[in-house]
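Here the structure is laid out as structure tokens; the discussion comes afterwards.
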Amino acid sequence: MPVLVGTQPPQSNEPGANSDQAELLGLAGGPVNFKGAQWEDPTLGAVRNDIQVVDGNVTQPGRLLLYPHFEMSDNLLYRVEKKGTDIVKQLLVPQNFRNTVLNLAHNHILGGHLGIDKTKERILRRFYWPGVFAAINRYCTSCPKCQLTAPAPGFRSPLVPLPILDVPFERIAMDLVGPLVKSARGHQYILVVLDYATRYPEAIPLRNGTAKSIAKELMLMFSRVGIPKEVLTDQGTPFMSRVMKELCKLLGIKQLKTSVYHPQTDGLVERFNKT
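Have a look at this one:
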């Protein structure tokens, strides 16, 4: 009489009827009949129909030569896939065991709360079910511990380039070099000033790098070349001091600052210093 695999769960008392995967899930999920759950799960109905057996013969033997395909082993349903030269047998997991698999692969002490791709790789070595990829995505992205500890996406604000200037000394860039080896006249610092329009540089020797010394030399230079509209500096202590702020306020100069730890903003003067 014809028999259709999938109409009822098989009964077997043979030793080893449960695979290692099934035993693992049985221990994690309690005393549940894993085989019966496979045959009763409506989401695995297509699999049961795919491996129909009539009088002990598979009705579609050609399908066993294709990958992936489904087969029975020890009365358990498996998906067989070929990855390169390796043949991977994946135990088909019914619905009431899927959270157990996800928990063991992601939350367990040996799971390590890996990311989506590595969790997929770990599960697909041994298990499979319809919609496994979407289930892993949902489980990993909704994990509370991962949400608390995962690094935030590295969104960066777009760069805002400085406009090109053609008016001499409309904007100047400044930087302080030193302390250097003290010269015969006692100079130990260099105040570097560059004009953005003409690239004209000035290197002013200083005996110390205080804000008062810098302000004094700037006043002398402004008396020769004129007062700029903007001054670009890094966030060094002398340039951020009250003396410099009062000087810029008195002369009507807009004080521009580079980003912290980003000297490229003041690249013109930094390149001159390197040269």
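If you read the sequence shown in the numbering used here, its first letter stands for residue 1315, the second for the next number, and so on. We put the CB at the ideal spot given by N, CA and C, even for glycine.
Within 8 Å, strictly: CB atoms of residue i and residue j
| i | j | result |
| --- | --- | --- |
| I1486 | V1545 | yes |
| T1572 | P1552 | no |
| W1443 | V1407 | yes |
| T1430 | N1410 | The amino acid occupying residue 1430 in the given sequence is Ile; Thr does not appear at that position. No, Cβ-Cβ distance for I1430 and N1410 is not below 8 Å. |
| I1255 | A1419 | A query on residue 1255 cannot be resolved here, the shown segment of the chain reaching from 1315 to 1589 and no further. |
| D1509 | F1483 | yes |
| L1479 | A1511 | yes |
| I1567 | P1542 | yes |
| V1361 | Y1381 | no |
Beta strand (DSSP E) segment containing residue i, residue limits
| i | result |
| --- | --- |
| Q1569 | K1568 to K1571 |
| V1506 | Y1503 to D1509 |
| Y1392 | L1390 to K1397 |
| E1385 | H1383 to S1387 |
Residue i to residue j span [Cα, whole Å]
| i | j | result |
| --- | --- | --- |
| P1356 | L1416 | 20 Å |
| G1330 | K1434 | Note that G1330 scores 42 on pLDDT, short of 50, meaning its location in the model is unreliable; the coordinates nonetheless yield the value given after this. So the alpha carbons of these two residues sit roughly 27 Å apart. |
| N1347 | V1402 | 24 Å |
| M1315 | H1383 | Reliability of the predicted coordinates at M1315 is poor, the pLDDT of 35 falling under 50, and the value obtained from them is presented with this limitation in mind. Rounded to the nearest angstrom, the two C-alpha atoms are 26 Å apart. |
| K1349 | R1412 | 14 Å |
| A1351 | H1422 | 24 Å |
| D1489 | T1547 | 6 Å |
| G1492 | R1521 | 10 Å |
| K1530 | Q1502 | 16 Å |
| Y1453 | C1460 | 10 Å |
| T1399 | V1474 | 52 Å |
| L1534 | K1563 | 17 Å |
| P1477 | Q1569 | 16 Å |
| K1428 | G1445 | According to the sequence displayed, residue 1428 carries Leu and not Lys. Cα to Cα, L1428 sits roughly 20 Å from G1445. |
| G1500 | L1494 | 11 Å |
| P1595 | E1560 | Residue 1595 cannot be examined here, being either before or after the span of the chain that is shown, 1315 to 1589. |
| G1344 | R1470 | Since pLDDT at G1344 reaches only 42, below the 50 mark, its modelled position is unreliable, and the value read off the structure follows with that caveat. The alpha-carbon atoms of G1344 and R1470 are separated by roughly 49 Å. |
| N1363 | P1472 | 56 Å |
| L1462 | G1426 | 14 Å |
Rounded distance between the beta-carbons of residue j and residue i, thought under 8 Å
| i | j | result |
| --- | --- | --- |
| L1505 | I1528 | 6 Å |
| R1440 | L1405 | 6 Å |
Residue range of the alpha helix (DSSP H) that includes residue i
| i | result |
| --- | --- |
| T1547 | Run containing T1547: none in the alpha helix (DSSP H); it sits in the beta strand (DSSP E), E1544 to T1547. |
| V1539 | A1525 to V1539 |
| I1478 | No alpha helix (DSSP H) contains I1478, which DSSP labels as neither H nor E. |
| R1485 | It is not in any alpha helix (DSSP H) - R1485 instead sits in the beta strand (DSSP E) that spans R1485 to V1491. |
| A1449 | V1446 to T1455 |
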